[in-house]
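Student: Have a look at this one.
This is the structure:
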């Protein structure tokens, strides 16, 4: 013990009255208090980071909801007009058939010749086959856009309420899959092994955020060879569980204990903030649930989210 350093922080008369053991005890208490203060500061910084990120996510959700609402209106007009257009085309084809039947009665007159030439020039036979196909493909495209818009609404929750509600987790997973489809479709096949789930009392938009993080991470973990992402669900007593498993590169054993830490990431600089899993972990804890991970390097990773079916009654 360097008593000279202690002399600088304590009055000489107090040092004279205290034994070295007492001084050591006081220093130990001060060091302990300092460590506790550092830990508290770390928790406060973590909470602040999560709060900021949560606010950003809420803003993104509101933006997505607004965009979905704005797109939904013109899509509604197009879909309605498209149905009317199909009916008009059916009427026109019916009229065209009547003209074709009447053509034979014109014989070899000049009018009949001009009609046959125009029929051939406009490739009416081809149009009669191609127009229904074009209409069917266009209807499918419009329906897909409507589905994407609805998924945006479901994902972001247009009402933006932070209220506990009963929700179907399978619907949330399916909506999220459509939202992140572009991240997955070129890298992996998705296998859904859904069990029978009851509705769950939850903050559905926040759980959707958890599913999105897990699915995007699973896609990023898969290398150049096409892989598989498997989603399993089930019930375990008073809880439901969701597993997202990938056939990617896996997580090194020394990193398993740190993956839920804020800002920890194994991705290259600029490709990840290290907040996704940390925020997801916090959301699951808010629901009174658990989030675990099992991984083997080179074989893949499985994340398991377990949350209670119902929340405790608030008093």
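Residue numbers (my numbering): 1005 to 1319. Ideal placement from N, C-alpha and C gives every residue a C-beta, glycine not left out.
1) May I have the straight-line CA-CA distance separating residue 1256 from residue 1226, to the nearest angstrom?
2) Helix, strand or coil for residue 1256? Go by DSSP, reduced to three states.
3) Is DSSP giving residue 1114 helix, strand or coil here?
4) Between the beta-carbon of residue 1218 and the beta-carbon of residue 1284, is there less than 8 angstroms?
5) Contact check, residue 1107 vs residue 1121 under 8 angstroms by CB: the rounded distance?
6) Using DSSP with H/G/I as helix, E/B as strand and the rest coil, what is residue 1315?
7) Once DSSP output is grouped into helix, strand and coil, what is the label at residue 1197?
8) Pairs of beta-carbons, one from the stretch 1296-1303 and one from the stretch 1182-1192, closer than 8 angstroms: are there three or more?
9) Which residues does DSSP pair with residue 1243 in a beta bridge?
10) To which residues of the same chain is residue 1100 closer than 8 angstroms at the C-beta, ignoring the five residues directly before and after it?
11) What residue ranges within the stretch 1095-1151 form continuous alpha helix (DSSP H) runs of no fewer than 4 residues, ordered along the chain?
12) Do residue 1173 and residue 1246 count as a contact pair if the criterion is CB distance below 8 angstroms?
13) Tell me the DSSP secondary structure of residue 1184 in three-state form.
14) For residue 1274, count neighbouring Cβ atoms within 10 angstroms of its own Cβ and tell me buried if that reaches 16, exposed if not.
15) Use the C-beta contact count for residue 1251: other C-beta atoms within 10 angstroms, 16 or more gives buried, fewer gives exposed.
16) So, does the stretch 1234-1248 touch the stretch 1199-1215, judging by three or more C-beta pairs under 8 angstroms?
17) So, helix, strand or coil for residue 1263, using DSSP?
18) Return the CA-CA distance between residue 1087 and residue 1080, expressed in angstroms with no decimal places.
19) From residue 1119 to residue 1143, what does the alpha carbon distance come to, in whole angstroms?
20) Does the Cβ-Cβ distance between residue 1311 and residue 1239 come in under 8 angstroms?
21) Does DSSP put residue 1286 in a helix, a strand or coil?
22) Roughly how many whole angstroms lie between the Cα atoms of residue 1263 and residue 1296?
23) For residue 1137, is the classification buried or exposed, using 16 other Cβ atoms within 10 angstroms of its Cβ as the cut-off for buried?
Tutor: In short:
1) 15 angstroms
2) coil
3) helix
4) yes
5) Actually they do not touch by this definition, with Cβ atoms about 12 angstroms apart.
6) coil
7) strand
8) no
9) 1240 and 1312
10) 1128 and 1132
11) 1114-1125
12) yes
13) coil
14) With a pLDDT of 42 at residue 1274, under the threshold of 50, the modelled position of this residue cannot be trusted; read the value that follows with caution. That one is exposed.
15) buried
16) yes
17) coil
18) 11 angstroms
19) 32 angstroms
20) no
21) helix
22) 10 angstroms
23) exposed
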